[in-house]
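Have a look at the structure below, then the notes.
2 protein chains.
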Amino acid sequence: MNRNYSRAIPAEWRAMSKVFEALGDEHRQRLVLSFEPGERLNVSQLAEVSTLARSTVSHHLKILREAGVLESEKTGKEVWYWINKAWLMQVFEDVTEHLRKRL
Amino acid sequence: MNRNYSRAIPAEWRAMSKVFEALGDEHRQRLVLSFEPGERLNVSQLAEVSTLARSTVSHHLKILREAGVLESEKTGKEVWYWINKAWLMQVFEDVTEHLRKRL
DNA sequence: CCGATGTGTCTAGACATATCGAAATGTTGA
DNA sequence: TCAACATTTCGATATGTCTAGACACATCGG
């Protein structure tokens, strides 16, 4: 048994922690699932398909961005979001690997 | 763009949803990380290393069990918990695969 | 410069979750 | 049967999150 409960969370779990938190919400899952491969969407488009108010969508996008799930870039008035696919897959694989070897 | 925001969440995401929610909490992460490979731990042992009250630990274990992260079995007075490793790895791999192919 | 547009922030209320201690439940052994 | 033990449930409170609308800020076109 690993007794030092308060020790640092492993790096791959720490990164994953934010992702777990971000993707634990169903609305945020649906936002992520609105993307097609390689696609970039702006806030208006995402708010349009969502059932939520635009400000609420903005709030959820912020959480997804801070978790590293989404990336964003502002061009003119619009802010375009896309899935941080490579990084996200890497984090998932790291956690799977940690699970395989250590737990 | 996938416009039907309210459609059903894919099966592998639905299973993952509970896992995300369960592992989004740092205390629950620490509980899971207390296990060594193949090990079974009871509530008292987990409560002992935790900084939380016994009843609170029990509450978190219930969430982890309902999410499928942990399994449990009662033998006599004690309830033993262990990580549902094979299933958990499968779910992670399914999500990674969905991410690779569809997003 | 001004109005229209796209986005983010702030606020407040509703709602959900976390937490602990006490009480209840179930189990074992004397 | 009874006392001790392990765990869960319950009640109360504190804390955090979700949500919409009002407002602020930046950008673009006229």
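In order, the protein sequence lines correspond to chains Y and L.
At position 77 of the first sequence (counting the first as 1) the number is 77 in this note's numbering, and the numbers step up by one without a gap.
At position 93 of the second sequence (counting the first as 1) the number is 196 in this note's numbering, and the numbers step up by one without a gap.
For each residue, glycine too, the CB sits at the ideal point set by N, CA and C.
Whole angstroms are fine: how far does the CA of residue j sit from the CA of residue i?
i: Asn187(L); j: Leu144(L); result: 13 Å
i: Val135(L); j: Tyr5(Y); result: 10 Å
i: Gly38(Y); j: Lys204(L); result: 11 Å
i: Arg30(Y); j: Trp116(L); result: 10 Å
i: Glu21(Y); j: Ala47(Y); result: 21 Å
i: Glu200(L); j: Ile9(Y); result: 26 Å
i: Ala11(Y); j: Gly127(L); result: 15 Å
i: Lys121(L); j: Val198(L); result: 13 Å
i: Leu64(Y); j: Ser55(Y); result: 14 Å
i: Leu103(Y); j: Ser44(Y); result: 43 Å
i: Gly179(L); j: Trp185(L); result: 17 Å
i: Glu93(Y); j: Arg7(Y); result: 23 Å
Let me make sure I understand the geometry here. Which of the options has the alpha-carbon closest to that of residue i?
i: Gln90(Y); options: Trp82(Y), Leu103(Y), Val69(Y), Thr75(Y); result: Val69(Y)
i: Ser161(L); options: Val182(L), Phe195(L), Thr199(L); result: Val182(L)
i: Trp87(Y); options: Glu71(Y), Arg100(Y), Arg102(Y); result: Glu71(Y)
i: Ala170(L); options: Ala111(L), Met119(L), Thr159(L), Arg106(L); result: Met119(L)
i: Asn2(Y); options: Ile166(L), Phe138(L), Leu164(L), His163(L); result: Phe138(L)
i: Arg28(Y); options: Lys62(Y), Glu93(Y), Asp94(Y), Leu103(Y); result: Lys62(Y)
List the residues of chain Y that residue i touches, going by C-beta distances under 9 Å, in chain order.
i: Arg157(L); result: Residues of chain Y passing the Cβ test: none, with the nearest at roughly 14 Å.
i: Arg133(L); result: Tyr5, Ser6, Arg7, Ile9
Which chain Y residues are close to residue i, counting only those with a beta carbon under 8 Å from its beta carbon?
i: Thr178(L); result: Within 8 Å Cβ-Cβ: nothing; Thr178(L) doesn't reach chain Y, min ~18 Å.
i: Glu196(L); result: Thr96
i: Glu129(L); result: Ile9, Ser17
Mind listing the chain L neighbours of residue i? Cutoff is C-beta to C-beta under 7 Å, in chain order.
i: Arg100(Y); result: Met192
i: Ser34(Y); result: Met104, Asn105, Tyr108
i: Glu39(Y); result: Met104
Output needed for residue i: all residues of its chain with C-beta closer than 6 Å, excluding positions within five of it in sequence on either side, in chain order.
i: Glu176(L); result: Trp183
Along chain L, in chain order, which residues have C-beta atoms closer than 9 Å to that of residue i?
i: Lys85(Y); result: Leu202, Arg203, Leu206
i: Leu70(Y); result: Within 9 Å Cβ-Cβ: nothing; Leu70(Y) doesn't reach chain L, min ~11 Å.
Is any heavy atom of the ligand ATP found at a distance shorter than 7 Å from the C-beta of residue i?
i: Gln193(L); result: For the ligand ATP, the structure offers nothing, since it holds no ligand at all.
I'd like the list of long-range same chain contacts for residue i, defined as Cβ closer than 7 Å, with 5 residues on each side in sequence excluded.
i: Val152(L); result: Ser137
Interface residues of chain Y around residue i at Cβ under 7 Å?
i: Ser161(L); result: Ordered by position in chain Y, no residue passes the 7 Å Cβ test against Ser161(L), which lies about 16 Å from the chain.
Please list, in chain order, all residues of the same chain as residue i whose beta carbon is under 8 Å from its beta carbon, the five residues on each side excluded.
i: His163(L); result: Asp128, His130, Arg131, Leu134, Leu155
i: Leu99(Y); result: none
Residues of the stretch 2 to 24 of chain Y with Cβ closer than 7 Å to any Cβ of chain L, in chain order: Asn2, Arg3, Tyr5, Ser6, Ile9, Trp13, Ser17, Phe20, Glu21, Leu23, Gly24
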